[in-house]
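Q: For the sequence shown, the working numbering puts the final residue at 808, and the numbers step up evenly by one.
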Amino acid sequence: MTISYKWLSEYLPVSIEPEPLSQVLTSIGLEVESMNKYESVRGGLKGLIIGEVVLCEKHPYADKLMLTRVDIGEEEPLQIVCGAPNVALGQKVVVAPVGTTIYPANGQEITMKLAKIRNVDSYGMICAEDELGIGEDHAGIIILPSNCTAGEPAATFFQPYEDIIFEIGLTPNRMDAMSHLGVARDVCAYLTHHYQMEATALSPFGPMVYTEDMGLPVIVSVENLQACQRYSGLFINGITIGSSPLWLQHKLKAIGLRPINNIVDITNYVLHETGQPLHAFEADAVKGDMIIVKNLKEGTRFKTLDEKERTLSSDDLMICNAEEPMCFGGVFGGFESGVKNSTTRIFLESAWFNPADIRKTSLRHNLRTDAATRFEKGVDISNTVNVLKRAALMIRDITGGEIASGIVDIFPAAKVKTEVALSYHYLKKISGKFYHPDVIRKILEALSFEVIWETADEIRVRVPYHKPDISLPADIVEEILRIDGYDNIMIPSVITITPALENKTKANYKEKVAGYLTGAGFNEIMTNSITNSDFFPPEVLTTTVRMLNSLSAELNIMRPSMLETGLQAMAYNLNRRNDDLQFFEFGKTYAKEENKYKEQDHLCLYTTGKSSEDSWRSKGLKADFYYLKGLTGKLIQLLGVSVSNWTFADHPNIDNGLQAFLNGKPVLLLGAVSAKVLQRFDIKQPVFFVDLYWDPLMDAATKRSIQYEELPRQLPVQRDLAIIVPDTLLYGDIERTVNSVKLEKLQGMHLFDIFESEKLGSGKKSMAVSFTFLDKEKTLNDKEIDGMMNKIMASFENELQVEIRR
Numbered sequence: 003m004t005i006s007y008k009w010l011s012e013y014l015p016v017s018i019e020p021e022p023l024s025q026v027l028t029s030i031g032l033e034v035e036s037m038n039k040y041e042s043v044r045g046g047l048k049g050l051i052i053g054e055v056v057l058c059e060k061h062p063y064a065d066k067l068m069l070t071r072v073d074i075g076e077e078e079p080l081q082i083v084c085g086a087p088n089v090a091l092g093q094k095v096v097v098a099p100v101g102t103t104i105y106p107a108n109g110q111e112i113t114m115k116l117a118k119i120r121n122v123d124s125y126g127m128i129c130a131e132d133e134l135g136i137g138e139d140h141a142g143i144i145i146l147p148s149n150c151t152a153g154e155p156a157a158t159f160f161q162p163y164e165d166i167i168f169e170i171g172l173t174p175n176r177m178d179a180m181s182h183l184g185v186a187r188d189v190c191a192y193l194t195h196h197y198q199m200e201a202t203a204l205s206p207f208g209p210m211v212y213t214e215d216m217g218l219p220v221i222v223s224v225e226n227l228q229a230c231q232r233y234s235g236l237f238i239n240g241i242t243i244g245s246s247p248l249w250l251q252h253k254l255k256a257i258g259l260r261p262i263n264n265i266v267d268i269t270n271y272v273l274h275e276t277g278q279p280l281h282a283f284e285a286d287a288v289k290g291d292m293i294i295v296k297n298l299k300e301g302t303r304f305k306t307l308d309e310k311e312r313t314l315s316s317d318d319l320m321i322c323n324a325e326e327p328m329c330f331g332g333v334f335g336g337f338e339s340g341v342k343n344s345t346t347r348i349f350l351e352s353a354w355f356n357p358a359d360i361r362k363t364s365l366r367h368n369l370r371t372d373a374a375t376r377f378e379k380g381v382d383i384s385n386t387v388n389v390l391k392r393a394a395l396m397i398r399d400i401t402g403g404e405i406a407s408g409i410v411d412i413f414p415a416a417k418v419k420t421e422v423a424l425s426y427h428y429l430k431k432i433s434g435k436f437y438h439p440d441v442i443r444k445i446l447e448a449l450s451f452e453v454i455w456e457t458a459d460e461i462r463v464r465v466p467y468h469k470p471d472i473s474l475p476a477d478i479v480e481e482i483l484r485i486d487g488y489d490n491i492m493i494p495s496v497i498t499i500t501p502a503l504e505n506k507t508k509a510n511y512k513e514k515v516a517g518y519l520t521g522a523g524f525n526e527i528m529t530n531s532i533t534n535s536d537f538f539p540p541e542v543l544t545t546t547v548r549m550l551n552s553l554s555a556e557l558n559i560m561r562p563s564m565l566e567t568g569l570q571a572m573a574y575n576l577n578r579r580n581d582d583l584q585f586f587e588f589g590k591t592y593a594k595e596e597n598k599y600k601e602q603d604h605l606c607l608y609t610t611g612k613s614s615e616d617s618w619r620s621k622g623l624k625a626d627f628y629y630l631k632g633l634t635g636k637l638i639q640l641l642g643v644s645v646s647n648w649t650f651a652d653h654p655n656i657d658n659g660l661q662a663f664l665n666g667k668p669v670l671l672l673g674a675v676s677a678k679v680l681q682r683f684d685i686k687q688p689v690f691f692v693d694l695y696w697d698p699l700m701d702a703a704t705k706r707s708i709q710y711e712e713l714p715r716q717l718p719v720q721r722d723l724a725i726i727v728p729d730t731l732l733y734g735d736i737e738r739t740v741n742s743v744k745l746e747k748l749q750g751m752h753l754f755d756i757f758e759s760e761k762l763g764s765g766k767k768s769m770a771v772s773f774t775f776l777d778k779e780k781t782l783n784d785k786e787i788d789g790m791m792n793k794i795m796a797s798f799e800n801e802l803q804v805e806i807r808r
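Shown next as structure tokens:
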């Protein structure tokens, strides 16, 4: 939420400087995430001076340059060399003396220095529009009116607008603070409580003079009273469409809105002032002199303001004339009924639409407008007429129009205010602080709550219409804590807790694994479980879980795989020159099978670049397939789980993929991310990925029993064996062959060398394997070791048809 300091200050009864005001806002739950200076002209024209050209003659050494002297109110005029074709004697101009910084419309800022131009000293610049950033014109210098005074700051003539802009991290429930007036209400409640003053937000609403018997030249009918519980409107004639006054444009630009024309700008202004959306219809588009709020039949075609033709749902609430739809109620206008440059009469609408209906229509047609955002959270149903009058007066004063009708206000069933009772004991229990009943009442009354009754134990209040999210005692506690200030919550000096002892939980293993990975140089990431369907092929999307109320077109499904969201994080870092990355993430994937939903836990590792840094002893090693496989093996060992049957995995997104099994089911996928996937994320270096299926690993890890035994007194014995094998043979085949011999005294084996040479023969390679033997009861002798090695060699020759290098 973007809030203008100057704009907000118009509704505060006292003046507060930006920094203290920022602290107040954060204290009351409207956290100020940033506070930035806004300038309609960069630099605010500081240092620029109005000057008068008192001498203008040709440059002695250049035909296209002029040598001028400019009076800027000092003892001696400045000598300035100027190349503008329109410079002349007697003109009032804008001068940037030496030392002044200017901010061109296109390009970097420039600080004026003493310059020598064709052997003549120049002590500044006479400026054009684009050189100051106030326009795009570079045809010549700016010529000011003759009544300007030389020596005055240029800012006194141009009056650039400056402001402080607060970016507020607004929680989704705080519809009441989605406007400048709403924020002002909260600030005034804070002032009332903390400074013992009766602070009330200054109201922008004033009386509007019109005759009730003027009537309305149309018939207004609301057919769907559940979706539109209040509808107000009036006619304004004689308007002239044009640009808004500068003060209005400045306010809109400061909060990031682009001025369009005076009618649109006024409705946008009032929206951000009060939180109530408005809509202006071209009066001539109200065919049949009827406005009907209703639902149309499924499949009706409707052209919107963005010139797109949309197909309506029977659930979409439409504002119609006697013949056709004119507008998505509360969401987006129609092309035919929109205000045009030739418009002279409008019908101005101010209504309350059901939040659920608005949200569904907005998401169904992907129309995420400012109006829909506010309606779907719930606007103040009691304020539609006040806001209507406010906007009508502004339109009258700015466009020269006149209010041409009475106000229609269809409000058949007045909305009953929510009542909530708050127990003082409950307040103390939740807040941890004792509040005197008088303090509670004053805070709530300052927030516009209406006190119904009080007892010694509780208070009952009616909730104001502008706080639609409040319905529970806990909500009232939050309001009291906000205004009192979260910083004032009392923290006890002693907290008594009963520690719980949990063994073998998933959380224990997650902490253990996370500790190991961070020690290995990995960083944990947490990516969004909601992702973009464009990342996945059609065959995957058939089983994905789609969002019914997606936040945007780019976030519309629950992720079926964690690879893509992890690559987004990697791409973000790689684009910022972080080339050596090691990430891990615990997360979930989602799928739908036969109308049943599946949720699976995963641990994923992502690595690219170097796995270790360069040092004085050695160069850093690049992360590769083998590095990640070794790390994965360590993780499996850390969990106390034994996997088997490492085999190749055919996966569309992974090259040279491997998978391993546990109890006959795959528990991991490992490999290099394919080039086509990396290209989709604009990643230009190899990325290696492992996906550990966390649920089956946890089932095995939590069921295993830990056994302890005394360390063996005997020493292990090692023997090495070199074998010549086909270059297609895998080390995994060697491991399986050795394991099939079932030697109890074989403690371990590992590959320590691979040698390839033409001397070995075509298509051959040599593999050297080390075997470790141990008898826990006695020392092994050579005969026993030779016997075991002979069995191993025999199995190699018989099963793998390899040659033993003797």
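For each residue, glycine too, the CB sits at the ideal point set by N, CA and C.
Count the other CB atoms, across all protein chains shown, that sit within 10 Å of the CB of residue 533; report buried if there are 16 or more and exposed otherwise.
A: Flag for residue 533 reads buried.
Q: Quick one, are the C-beta atoms of residue 439 and residue 428 less than 8 Å apart?
A: Contact flag unset, no.
Q: Starting from residue 600, trace the beta strand (DSSP E) both ways and give me its first and last residue.
A: First-last of the beta strand (DSSP E) with residue 600: 598-610.
Q: Touch check for the region 582-598 and the region 700-713: three-plus C-beta pairs under 8 Å?
A: These segments do not touch.
Q: Please report how far the alpha carbon of residue 563 lies from the alpha carbon of residue 600, in whole angstroms.
A: Roughly 12 Å separates the two Cα atoms.
Q: When we look at the beta-carbon of residue 147 and count the other beta-carbons within 10 Å, is it buried (16 or more) or exposed?
A: Its Cβ having fewer than 16 others within 10 Å, residue 147 is exposed.
Q: In this structure, how does DSSP classify residue 150 when only helix, strand and coil are distinguished?
A: Three-state DSSP puts residue 150 in coil, outside helix and strand.
Q: Got a sec, what are the start and stop residues for the beta strand (DSSP E) residue 464 sits in?
A: Note, residue 464: beta strand (DSSP E), 460-464.
Q: Which two residues bound the contiguous alpha helix (DSSP H) that contains residue 681?
A: Segment 677-682, the alpha helix (DSSP H) holding residue 681.
Q: Just how far apart, CA to CA, sit residue 559 and residue 535?
A: So the two alpha carbons sit approximately 6 Å from each other.
Q: Would you call the region 357-364 and the region 310-320 in contact, with 3 or more CB pairs under 8 Å?
A: Segments in contact, yes.
Q: So residue 817 and residue 641 are in contact, right, with Cβ under 8 Å, and what is the actual spacing, rounded?
A: The chain is shown only over 3 to 808; residue 817 falls outside these bounds and no answer can be derived.
Q: To which residues does DSSP link residue 127 through a beta bridge?
A: Residue 127 is bridged to 98.
Q: Mark residue 270 as exposed unless 16 or more other C-beta atoms lie within 10 angstroms of its C-beta, in which case mark it buried.
A: By the neighbour-count rule (16 or more Cβ atoms within 10 Å), residue 270 is buried.
Q: Which whole-angstrom value is the C-beta distance of residue 116 and residue 43, which I expect to be below 8 Å?
A: Going by Cβ atoms, the distance from residue 116 to residue 43 rounds to 25 Å, so no, they are not a contact pair.
Q: Could you give the DSSP three-state label for residue 316: helix, strand or coil?
A: Note: residue 316 maps to coil in three-state DSSP.
Q: Among the residues of its own chain, which have a CB less than 7 Å from the CB of residue 470, if the five just before and after it don't count?
A: Around residue 470: 177, 380.
Q: I believe residue 537 touches residue 566 by the beta-carbon criterion, under 8 Å. Please report the beta-carbon distance rounded to the nearest angstrom.
A: Their Cβ separation, rounded to whole angstroms, is 4 Å, which keeps residue 537 and residue 566 in contact under 8 Å.
Q: Please state whether DSSP places residue 825 in a helix, a strand or coil.
A: In this structure the chain extends from 3 to 808, so residue 825 is not present and cannot be described.
Q: Please classify residue 648 as buried or exposed, where buried requires at least 16 other C-beta atoms within 10 Å of its C-beta.
A: Buried, since its Cβ has 16 or more Cβ neighbours within 10 Å.
Q: Drop a sphere of 10 angstroms on the beta-carbon of residue 618, count the other beta-carbons inside from all chains shown, and report buried for 16 or more, exposed for fewer.
A: The residue in question, residue 618, is exposed, as its Cβ has fewer than 16 Cβ neighbours within 10 Å.
Q: Taking the alpha-carbon positions, what's the residue 346 to residue 340 distance?
A: Cα-Cα distance, rounded: 12 Å.
Q: Look up residue 252 in the DSSP assignment and say whether it is helix, strand or coil.
A: If DSSP states are grouped into helix, strand and coil, residue 252 belongs with the helices.
Q: Nearest to residue 511 by CA position, among 236, 696, 430, 735, is which residue?
A: Comparing Cα positions, the closest option is 696.
Q: Assess, as a yes-or-no matter, whether the region 25-34 is touched by the region 157-172 under the definition of 3 or more beta carbon pairs within less than 8 Å.
A: The region 157-172, when compared against the region 25-34, does touch it at the 8 Å Cβ threshold.
Q: Between the C-alpha atoms of residue 16 and residue 193, what's the straight-line distance to the nearest angstrom?
A: Roughly 9 Å separates the two Cα atoms.
Q: Flag this pair as touching only if the region 682-690 and the region 567-580 have three or more C-beta atom pairs under 8 Å; answer yes or no.
A: Touching, per the Cβ criterion.
Q: Once DSSP output is grouped into helix, strand and coil, what is the label at residue 482?
A: Helix.
Q: Since residue 175 is in the alpha helix (DSSP H), which residue starts that stretch and which ends it?
A: That residue, residue 175, is in no alpha helix (DSSP H); it is neither H nor E in DSSP.
Q: Quick check on residue 354: buried or exposed, where buried means 16 or more other Cβ atoms within 10 Å of its Cβ?
A: Residue 354 is buried by the Cβ-count criterion.
Q: Between the C-alpha atoms of residue 738 and residue 772, what's the straight-line distance to the nearest angstrom?
A: Each residue's Cα considered, the two are about 15 Å apart.
Q: By the three-class DSSP mapping on this structure, what secondary structure does residue 495 have?
A: Reduced to three states, the DSSP call for residue 495 is coil.
Q: Is it buried or exposed, residue 655, if we count other Cβ atoms within 10 angstroms and call 16 or more buried?
A: With 16 or more Cβ atoms within 10 Å of its Cβ, residue 655 is classed as buried.
Q: List the whole-angstrom C-beta distance separating residue 371 from residue 234, where the pair is believed to meet the contact cut-off of C-beta under 8 Å.
A: Wrong, their Cβ atoms sit about 20 Å apart, outside the cutoff.
Q: Using DSSP with H/G/I as helix, E/B as strand and the rest coil, what is residue 231?
A: In the structure shown, residue 231 sits in a strand (DSSP, three-state: E or B).
Q: In this structure, does DSSP put residue 274 in helix, strand or coil?
A: Residue state, collapsed to three classes: helix.
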